[in-house]
Structures are given as C-alpha cells and as structure tokens.
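Working notes, structure below.
Protein chains: 2
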Amino acid sequence: MIQIAKGTSRDIRVANRFELLRYIIAGATVSRQRAAQETGLSVATVSNLVGELLESRLLKEVGFEDSRGGRPRGLVSVDPSGGILIGVDVAETYVRVELFDAHLSGLAAVEELLRPEENRPDQVVGHVVSGVRAGLARVGVPQDRVLGVGVSVPGQVDRDGGVSVFAPNWDWHDVPLRGLLAEQLSLPLYLDNPLRAAVVAELWFGAGRGRDNVAVLNLGTGTGAGLAFAGSLYRGATNSAGEWGHTTLVMDGRPCRCGSRGCVETYVGAPGIMQHLRDLDPSSPMLRAGDQTATIDALACGFEAGDPVAVKVIAETARYLAVAIANVINLVNPEVVVLSSWVATRLGEPLLAEVRPILGQYALSRPLAATEIAVSSLGGDPVVLGAATFALEGFLAAIGRP
Amino acid sequence: MIQIAKGTSRDIRVANRFELLRYIIAGATVSRQRAAQETGLSVATVSNLVGELLESRLLKEVGFEDSRGGRPRGLVSVDPSGGILIGVDVAETYVRVELFDAHLSGLAAVEELLRPEENRPDQVVGHVVSGVRAGLARVGVPQDRVLGVGVSVPGQVDRDGGVSVFAPNWDWHDVPLRGLLAEQLSLPLYLDNPLRAAVVAELWFGAGRGRDNVAVLNLGTGTGAGLAFAGSLYRGATNSAGEWGHTTLVMDGRPCRCGSRGCVETYVGAPGIMQHLRDLDPSSPMLRAGDQTATIDALACGFEAGDPVAVKVIAETARYLAVAIANVINLVNPEVVVLSSWVATRLGEPLLAEVRPILGQYALSRPLAATEIAVSSLGGDPVVLGAATFALEGFLAAIGRP
Numbered sequence: 001m002i003q004i005a006k007g008t009s010r011d012i013r014v015a016n017r018f019e020l021l022r023y024i025i026a027g028a029t030v031s032r033q034r035a036a037q038e039t040g041l042s043v044a045t046v047s048n049l050v051g052e053l054l055e056s057r058l059l060k061e062v063g064f065e066d067s068r069g070g071r072p073r074g075l076v077s078v079d080p081s082g083g084i085l086i087g088v089d090v091a092e093t094y095v096r097v098e099l100f101d102a103h104l105s106g107l108a109a110v111e112e113l114l115r116p117e118e119n120r121p122d123q124v125v126g127h128v129v130s131g132v133r134a135g136l137a138r139v140g141v142p143q144d145r146v147l148g149v150g151v152s153v154p155g156q157v158d159r160d161g162g163v164s165v166f167a168p169n170w171d172w173h174d175v176p177l178r179g180l181l182a183e184q185l186s187l188p189l190y191l192d193n194p195l196r197a198a199v200v201a202e203l204w205f206g207a208g209r210g211r212d213n214v215a216v217l218n219l220g221t222g223t224g225a226g227l228a229f230a231g232s233l234y235r236g237a238t239n240s241a242g243e244w245g246h247t248t249l250v251m252d253g254r255p256c257r258c259g260s261r262g263c264v265e266t267y268v269g270a271p272g273i274m275q276h277l278r279d280l281d282p283s284s285p286m287l288r289a290g291d292q293t294a295t296i297d298a299l300a301c302g303f304e305a306g307d308p309v310a311v312k313v314i315a316e317t318a319r320y321l322a323v324a325i326a327n328v329i330n331l332v333n334p335e336v337v338v339l340s341s342w343v344a345t346r347l348g349e350p351l352l353a354e355v356r357p358i359l360g361q362y363a364l365s366r367p368l369a370a371t372e373i374a375v376s377s378l379g380g381d382p383v384v385l386g387a388a389t390f391a392l393e394g395f396l397a398a399i400g401r402p
Numbered sequence: 403m404i405q406i407a408k409g410t411s412r413d414i415r416v417a418n419r420f421e422l423l424r425y426i427i428a429g430a431t432v433s434r435q436r437a438a439q440e441t442g443l444s445v446a447t448v449s450n451l452v453g454e455l456l457e458s459r460l461l462k463e464v465g466f467e468d469s470r471g472g473r474p475r476g477l478v479s480v481d482p483s484g485g486i487l488i489g490v491d492v493a494e495t496y497v498r499v500e501l502f503d504a505h506l507s508g509l510a511a512v513e514e515l516l517r518p519e520e521n522r523p524d525q526v527v528g529h530v531v532s533g534v535r536a537g538l539a540r541v542g543v544p545q546d547r548v549l550g551v552g553v554s555v556p557g558q559v560d561r562d563g564g565v566s567v568f569a570p571n572w573d574w575h576d577v578p579l580r581g582l583l584a585e586q587l588s589l590p591l592y593l594d595n596p597l598r599a600a601v602v603a604e605l606w607f608g609a610g611r612g613r614d615n616v617a618v619l620n621l622g623t624g625t626g627a628g629l630a631f632a633g634s635l636y637r638g639a640t641n642s643a644g645e646w647g648h649t650t651l652v653m654d655g656r657p658c659r660c661g662s663r664g665c666v667e668t669y670v671g672a673p674g675i676m677q678h679l680r681d682l683d684p685s686s687p688m689l690r691a692g693d694q695t696a697t698i699d700a701l702a703c704g705f706e707a708g709d710p711v712a713v714k715v716i717a718e719t720a721r722y723l724a725v726a727i728a729n730v731i732n733l734v735n736p737e738v739v740v741l742s743s744w745v746a747t748r749l750g751e752p753l754l755a756e757v758r759p760i761l762g763q764y765a766l767s768r769p770l771a772a773t774e775i776a777v778s779s780l781g782g783d784p785v786v787l788g789a790a791t792f793a794l795e796g797f798l799a800a801i802g803r804p
C-alpha cells in the first residue's frame, strides 16, 4: 500500500496513473475529458498522465470524437503493441507462464508440469526460465520488448528476495528466489503470492474495478484472502496480510498443515471439502483418493445431478464458509467479496446459494447490507493475469524515475 | 481512510499536515529542518505546512536554535492556547466530557451519570450539552475558542448523521444524533464510535505513533478493534470496520447480544470473563452479580494475590484471547496490537503474560514476529482523548478550505 501518511506527490502520481490506466484499459477509446469525468481526476491531471503514457507507448492516439461543434477531442486507447507482460503462476504441480500484450490480452501460454520430486528451488527456477523462453519464442518477440515478469509463488513472500513456500511437499525457507531467477532472466522481476495476484487481477479487470475495499477469497488446495483498501493492494507490515485460511474457525478443530488446528482452510479448502465427503460417506464413488481436482469435479457433477450426498457436502462446507466470510465482513467491512481460484470456479455458485441465506446469522446487518458477494467472473487463470499485472504496475511506477 | 486511488493533492496535503503535527505535538520545540528529517517530508513541504499551522494559531514561533555557525534555525512548538478541543465519551452508564488545549492536555473533565432509564436520545443529548456547557464555564473560555467537539457513541455510526447503538438497554436505530446535537451546540461536531476514537488516540499519542498498520483491541463490556492502515484510520465501506468482537470464535458457542453465537466478545468481554468465573466457581466471592467493574477488580486483586480461581479465569480468558488476537495478526498483519479500554487496564498485563507463550500455536510465524503487542500506555480515558483528536483532525482537514 502506498504510504500516504508520509506521502509524496510522486506516490499520488503513481496511484493516479494506475487509476487512469485501469479505466482506459477497461474501455475501447476515450477522450481525456471523458476519462477525467469517470475517474474524478482533473482534466489537467489526465492530460498530463496521458502524455506520459503516450510517451512510454502504453497508449496511442486514435483519432478524434465529435464534440458537438466544439474543438475536436483527441481519443486515446491502450496500444497493445506497447510491450509484453509476462505472468508466472508457480503451483505445487505446475508452472504456468502466460505472455500478454499491453492490453493484457493473452498471446501465448506455456504450462510445465512439476513432478512431485521436482521441488528444489533450482528445479522450479529451471521450469520458470524455460517456460518464459518457450513463450517468447512462440510469440516471436525479442526479450527487450518485455516490460516485466510477475511471478506468483505460494506462501510467504519477501518481495525483495526471500520466499518461504507453504506447499506440503516443499520445504522452502527464505529461498533467495529473486536472485536465482535474476541469474537466468535479465528482465524486471516482480515476486508475490497468489493471494495478492488474485486481488490485483480483480482490481484491474474484475469485480474490484472502481472499488475501494475489496476482499478476494481464494478457495483452492490452500485458502487465503487478497485485500485491497483505498483501491490499492494491502500488504500489511511484512507482506503477510490476508492469511484468512489460517484464522481459527473451530478452536481445537481439525489439524492444519500450518501446525495449528481448526483453521478456515481445513473446512473450506479442497482437502477440507474432501474430508466432509469422507465423513458423510467414506465409500462415496465421488471420493477419488489423492485426487482433489477429480473429487471436486465429481462433487460439482453430483450436486448438479441432485445427488443427496453432494448436496449435503455443499451445505456442510457452506456452513463453515458463511462464518468465515462473515468474519471478514465484520472485521474489514469490504464493498465486495469475490470467491476465486479453482474450487470457487467449480463449486462457487452452489456454495454461495447456501451461504447467502445464513450469512445474516453471523455478519452484522450494516456491513452485510453494503457487501456484494460474487464468484470471480475472470476467465482463465487469475493468478497468471494478476502476476502479469504486477509487472504492468511495476512498469507504471517506474515511469519518470531516473 | 483517505482515498489515494482517486487522490488529490489536497488529500495528501491533509495527510502530511496530520503527520507533521503528530510529530511536533509529541516533542517540545523543533526546527523545520529537524521535523523534515524525522517525518521524511521535504523541508519545503514542512515550511509550507508550518506556515499554515502558524497562521491558524496551532503552532507558535519559540526562538532559534544554535545551528553551528549557519543561519539560525527558527523553532516552533504547539501553541496550547491555539484553541479548545472537546472530547465526549457517551457510554451506557455515563457521559464524560473533557476539554483539552491545542496540545491535547486536559483542562477540565465533567462526568454525568446516566440512570438506566435515561436512554432516550433527547436525554443523552441533554447530558452531552450540559456537560459541554459546564466544562466551558469551568475553564472560562467563550464558545468561539472551541475548534470542535468529537463525540463517541457505542455502536454503528454513520458520520453524517444516523447512529445505531449497541448497548443492551438502548434500542437506537438510525437516530439522527448529529442533528439533535447541532440544535443545541453550534460547534463543529465529529461523530464516531469508541473503537475508532481509541485507535486515533493511539496514532497520535500512543503505541501507534509513527506506525503504518495498527490494531487497537478494546476490551470492555463490549469488544472491538480500531484499525489503521498507512498511518490513517481505516473505516471500511460503511464506517463499520473493526467489529472483531463479533467475529466468530466458537461456532455454535455462547449466545451474543448481536444475535449470533460464539462471538469473540462473549469470551473476552467483561460479561464473558464473568461467565468463565461462574463456570469455574459459581459461588466465588469475586463474583459480584450485576457489577462487571467490581468483578473484574476482584479478579485483578485475586490474581495479584495468587488466588487459584482467579489464575484459572485469566488462563481461560487468555486461551480465547490468544486465538482472537492471532486471527487479527494472520488476516491484517499489523505492526502493533494494543489492548485498550477498562478491562485491559485492569487485566491486560496478566492476560498478555498468558497469551504470549501460546500465540505461536495460532499465529503464523512471519507476521507474529513482526507484531509488537502491548497494553495501552495512555492514561485517562483514551476514548475521550480520541474523540477530541477527531475534532483536531477535522480542524486540520478544514484549513484552507473555502
């Protein structure tokens, strides 16, 4: 989060640059006057910022609009050829690399699978590097057209270097990932985790656009929240904010991989949902031992078909999810709560249908009434998109810096 | 929170004014150069802001410092006679009014008790007005020297008018408190609740000074959190953020006055602590039926004297408090967690002594290591001080406004 308490005019200029480009990137072509009206910035500020963005080639002039007899108004739009942005999603079982144009339209995607034993930092770095090189070769652009590479890794990320990863089979503590990547990729690098990538994707392209206070709840194997306040990503004191998955939902409850018990994750993450299924029917054919994705898919189909066990599993998961969402609403009072990640893609709508009617039992009425709750409408992999957006934000923040 | 995403240079100017005055108010006399060093603002910005604050009479020139042969540097300090700030703490059983000079030193305090049946808005407003008038008479200053009146009321506060109060015996819903007060007090009014007053007091005068991310946990009859991010009070979408007391700690647990069950408040608020005592020893002499303050006092004395039941009550309360604090650390990743309000004053240190060794079972190690946890060191009533500080902030925000 930009430090406004000790703010400088530079901080606010960067924030305004984000705001303006978020607006322009959402539309097609726009005049400076219209952009000023829509963003609340002054026309002078918009003209100034548009000038910078034209110079850095992220925007281009695209003609004039009819201004009803007045002076014709110049129109601008994002210049897709302004540069390449690369997003990388490092997960436990794969490394996904996607190349985007400056409009954040996907150009090419490369996925490399990680075998369970491929969990050493040098092995993972190897896959990131080969994925990026393969993507660049496929698109046929030289490396100097790349504005930056955003890399998401699960766990606790120190943006300046060290990374500790949470995945059960990885025992990474303070791995100097930035340095390892920089040895092989001489491109601007932006490191962070999937929680923060997902919320940045929503701020730029999803339900978070134009909102000040946003909570993106990632439901996957792990669970966690990406938070944005005042329209900007909130990081907390050590870039650790948002560990919603490791807040306690049931004191002395299910054991969690973090070492604690009763964490939200153990009831609403994929393994937690599998446990609900196992508790209800240990011999259910929907239960695919060791395969979370297949089990969640089977549950989604079962629910669709009205299978009573699937319906019960969804209801049981929703009971916990409602409390965990209410806790975020009561503490953080967001404008919008977005459910993201692969479990939300498959089960988000049925879960929300169960969650909505019981949320009022736990959330206070005033903040609840102000909260929109939705499943993410971003297609594709929001983490890859968010990681690429980190690279765009980094490029924007560096404009005009010596 | 100031909206930096759609920020203006005016927003940042106000934030810098807060930052500078917070620094000056903490010290005695200071040069512009020193203030610039300590706040990170440029000397030009500080000179500019100091000029404004001299003109509005919050600062005064107080001579020169030796600058080792260079040009003598002018010193400034807060001018206590710059104006009167009034803080009002409306609680269920009393209305406390305190008058402060511009340095936020107390000049006079008036407390009016509310009888249980005095819970109509007009009755409460009557006590606020008579308290303010009595205070002004005692200090002997005319009303036009008052910069503003900050009023804290428990519950959900819409700053522009309506107030809904949470106290068990009060059934206030959308009471137009601002209008009712304005009819009788023609002074700038700033309405908010005790959670937000307490965190603003810590930001200006306590453990929150100079910190970006702060959580003040109020332990009283009710419990809740005041949150600050980027050095500024965080309000959320509807000024409802911080309802930590109504996040769920035990699913299907103790019934809460908010209508839900298992809320944090029912385990660590004064009535919750009394319940722990009742559960452990229903005939304990420390249990003073219907008198929370006397019971908490008796527990504090009992603990001091090594009474085993008191020791067990503290341990039991701490077990819940540790989980509830860990949830804030994991979700919000603050730099500092401050325990405030009257239960914390009496039991905060023994509770923290029990909480610290078990916190690591629930909080993730990286955010936990970065969090300082302390009982508030502010004497007096931090809510009254914070309410008066709202008036100071309001005055500062209005400087230069037409």
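Just so you know, the protein sequences line up as chains Z and R, in that order.
With this note's numbering applied, the first sequence closes on residue 402, and no number is skipped along the way.
With this note's numbering applied, the second sequence closes on residue 804, and no number is skipped along the way.
Note that the Cβ used here is the ideal one computed from N, Cα and C, for glycine as well.
Residue i classed as buried or exposed, judged by whether at least 16 other C-beta atoms fall within 10 angstroms
{"i": "R:ASP614", "result": "buried"}
{"i": "Z:VAL260", "result": "What sits at residue 260 of chain Z in the sequence shown is Ser, not Val. Per the 10 Å Cβ criterion, buried."}
{"i": "Z:GLY70", "result": "exposed"}
{"i": "R:PRO710", "result": "exposed"}
{"i": "R:TYR496", "result": "exposed"}
{"i": "R:GLY626", "result": "buried"}
{"i": "R:GLY704", "result": "buried"}
{"i": "Z:ASN239", "result": "buried"}
{"i": "Z:PRO194", "result": "buried"}
{"i": "Z:ALA294", "result": "exposed"}
{"i": "Z:SER42", "result": "exposed"}
Boundaries of the beta strand (DSSP E) in which residue i is found, first to last residue
{"i": "Z:VAL163", "result": "162-164"}
{"i": "R:SER554", "result": "548-554"}
{"i": "Z:THR345", "result": "Note, Z:THR345: premise wrong, no beta strand (DSSP E); alpha helix (DSSP H) at 342-359."}
{"i": "R:GLU467", "result": "461-467"}
{"i": "Z:ASP297", "result": "Not the beta strand (DSSP E): Z:ASP297 falls in the alpha helix (DSSP H), residues 292-304."}
8 Å Cβ cut-off: residues of chain R touching residue i
{"i": "Z:LEU177", "result": "Within 8 Å Cβ-Cβ: nothing; Z:LEU177 doesn't reach chain R, min ~15 Å."}
C-beta neighbour in chain Z for residue i, strict 8 Å
{"i": "R:ALA414", "result": "Ala is not the amino acid found at residue 414 of chain R; the sequence shown has Ile there. Yes, contact with chain Z."}
{"i": "R:CYS660", "result": "yes"}
{"i": "R:PRO804", "result": "no"}
{"i": "R:ALA805", "result": "Nothing about residue 805 of chain R can be reported from this structure: the residues present for chain R run from 403 to 804 only."}
{"i": "R:VAL725", "result": "yes"}
{"i": "R:ALA627", "result": "yes"}
{"i": "R:ASN615", "result": "yes"}
Span of the alpha helix (DSSP H), counted from its first residue to its last, around residue i
{"i": "R:ASN450", "result": "445-457"}
{"i": "R:LEU582", "result": "579-586"}
{"i": "Z:ASN213", "result": "Note, Z:ASN213: premise wrong, no alpha helix (DSSP H); not H, not E."}
{"i": "Z:LEU280", "result": "270-280"}
{"i": "R:ASP820", "result": "Residue numbering for chain R in the displayed model covers 403 to 804; residue 820 of chain R lies beyond these limits and cannot be assessed."}
{"i": "Z:ARG366", "result": "365-369"}
Within chain Z, partners of residue i - CB distance below 7 Å
{"i": "R:VAL648", "result": "First, the residue type needs correcting, since residue 648 of chain R is His and not Val in the sequence shown. Per Cβ cutoff of 7 Å: ASN330 and LEU364."}
{"i": "R:GLN439", "result": "What R:GLN439 touches in chain Z: nothing, since even the nearest Cβ is about 12 Å away."}
{"i": "R:ALA539", "result": "Correct list: empty, because the minimum Cβ distance to chain Z is about 38 Å."}
{"i": "R:ASN729", "result": "THR247 and THR248"}
Closer than 9 Å at the beta carbon, the chain R residues around residue i
{"i": "Z:PRO367", "result": "GLN558, GLY638, ALA639, THR640, SER642, ALA643 and GLU645"}
{"i": "Z:VAL250", "result": "VAL652 and MET653"}
{"i": "Z:VAL149", "result": "In chain order: nothing, as chain R lies at least about 24 Å away."}
Residue-level contact to chain R via CB, residue i, 8 Å cutoff
{"i": "Z:LEU392", "result": "no"}
{"i": "Z:ASN169", "result": "no"}
{"i": "Z:GLN292", "result": "no"}
{"i": "Z:ALA370", "result": "yes"}
{"i": "Z:GLN361", "result": "yes"}
Beta-carbon separation (whole angstroms), residue i vs residue j, contact threshold 8 Å
{"i": "Z:LEU177", "j": "Z:VAL163", "result": "4 Å"}
{"i": "Z:GLY148", "j": "Z:ALA300", "result": "So it is not a contact: roughly 36 Å between Cβ atoms."}
{"i": "Z:LEU181", "j": "Z:VAL128", "result": "7 Å"}
Chain R residues whose Cβ lies nearer than 7 Å to that of residue i
{"i": "Z:GLU335", "result": "ALA639"}
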